[in-house]
Every structure is written in C-alpha cells, then in structure tokens.
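Residue numbers (UniProt numbering): 1 to 115. By construction, the Cβ of each residue, glycine as well, lies at the ideal position given by its N, Cα and C atoms.
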Amino acid sequence: MRVVFNGITVFVLLTAAALWLHYFLTPQPAMIFSLPVIAKLFTAALTLGFAYAAWNVGILHGNVTIMAVGSYFTPVMSSALAALLLSAPLSFSFWQGAVMVCVGSLLCWLATRRG
Numbered sequence: 001m002r003v004v005f006n007g008i009t010v011f012v013l014l015t016a017a018a019l020w021l022h023y024f025l026t027p028q029p030a031m032i033f034s035l036p037v038i039a040k041l042f043t044a045a046l047t048l049g050f051a052y053a054a055w056n057v058g059i060l061h062g063n064v065t066i067m068a069v070g071s072y073f074t075p076v077m078s079s080a081l082a083a084l085l086l087s088a089p090l091s092f093s094f095w096q097g098a099v100m101v102c103v104g105s106l107l108c109w110l111a112t113r114r115g
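Next up, the structure:
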C-alpha cells in the first residue's frame, strides 16, 4: 500500500496557529461566552472539521471530478443557506452568478471528460 502525504492537515494546523497568533498579538474586544455563542461555536467547529475530513478523504481516495463539481457548487449553497438563516433576500444578481457558477462547472466537466 502506498503512503500518501497529507498536506491538508498541515495547512489547516498552520492556518489555525497563524490566526491564534494574530488574535493574541493584536488588540481584541472582550469575548462574551453565552450558551447560544458556545452552541454556534461548537456547531461551526464540528462542521468545519467534518468538511475538511470529508474533503481530505475524497481527494485522496475518491472521485476528483465529483469533488470538483461539489467545490464549485458549495459557495452557491452556503450563500443561499446564509441568506435563509439571516432572512436576507437574494438579489437577481446572486442568481445570475449562481447560474454562471453552475454552467462553468458543467463546462469544465464536459471539457475534461474522457470519451
């Protein structure tokens, strides 16, 4: 079995270290920990952790074409979910951009297909 170097884990750890270093070296407002804040922080940490783990497994052992399509579509879905959670309307320009992202993803897939 071939051993594959996992650069994603190193990248995530170095990014976290850099962000914590920036936090501690610059003036910051006081943190207020309430139950809703802790719940959101915990949910965000779990979501990001599982997302990076799934991405890592998919890139190392999965179908890269499906991963590429998913990576194009993820910003559209996250924007729509954020708008839903924040009760913010999505403009016509957003939907134009979403369609362009999806069409671009399909064009990339068609251009790289074998056969």
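* **Identity of the residue in Val64, Phe11, Phe94 and Ile66 nearest Met77 by Cα** => Looking at Val64, Phe11, Phe94 and Ile66, the one whose alpha-carbon comes closest to that of Met77 is Phe94.
* **Straight-line Cα distance separating Val101 from residue 131** => Look at the range of the chain in this structure, 1 to 115, and you will see that residue 131 is not part of it.
* Asked: If you draw a straight line from the C-alpha of Ala54 to the C-alpha of Gly62, how long is it?
  -> Whole-angstrom Cα-Cα distance: 10 angstroms.
* To do: Could you please give the first and the last residue of the uninterrupted alpha helix (DSSP H) stretch that includes Gln96?
  => Phe92 to Thr112
* Going straight from the alpha carbon of Leu46 to that of Val69, what length do you get? -> Rounded to whole angstroms, Leu46 to Val69 spans 23 angstroms at the Cα level.
* Asked: Leaving out the 5 sequence neighbours to the left and right, which residues in its chain are closer than 8 angstroms to Leu90 when beta-carbon positions are compared?
  -> Within the same chain, Leu90 has close Cβ partners Ser79, Ala80 and Ala83.
* Roughly how many angstroms lie between the CA atoms of Leu106 and Gly58, to the nearest whole one? -> 20 angstroms
* Straight-line CA distance for Ile44 to Leu110? -> Here residue 44 turns out to be Ala, not Ile, going by the sequence shown. Ala44 and Leu110 have their alpha carbons spaced roughly 34 angstroms apart.
* Just to confirm, are Val103 and Tyr52 a CB contact at a threshold of 8 angstroms? -> It is not a contact, given that the beta carbons lie outside the stated cut-off.
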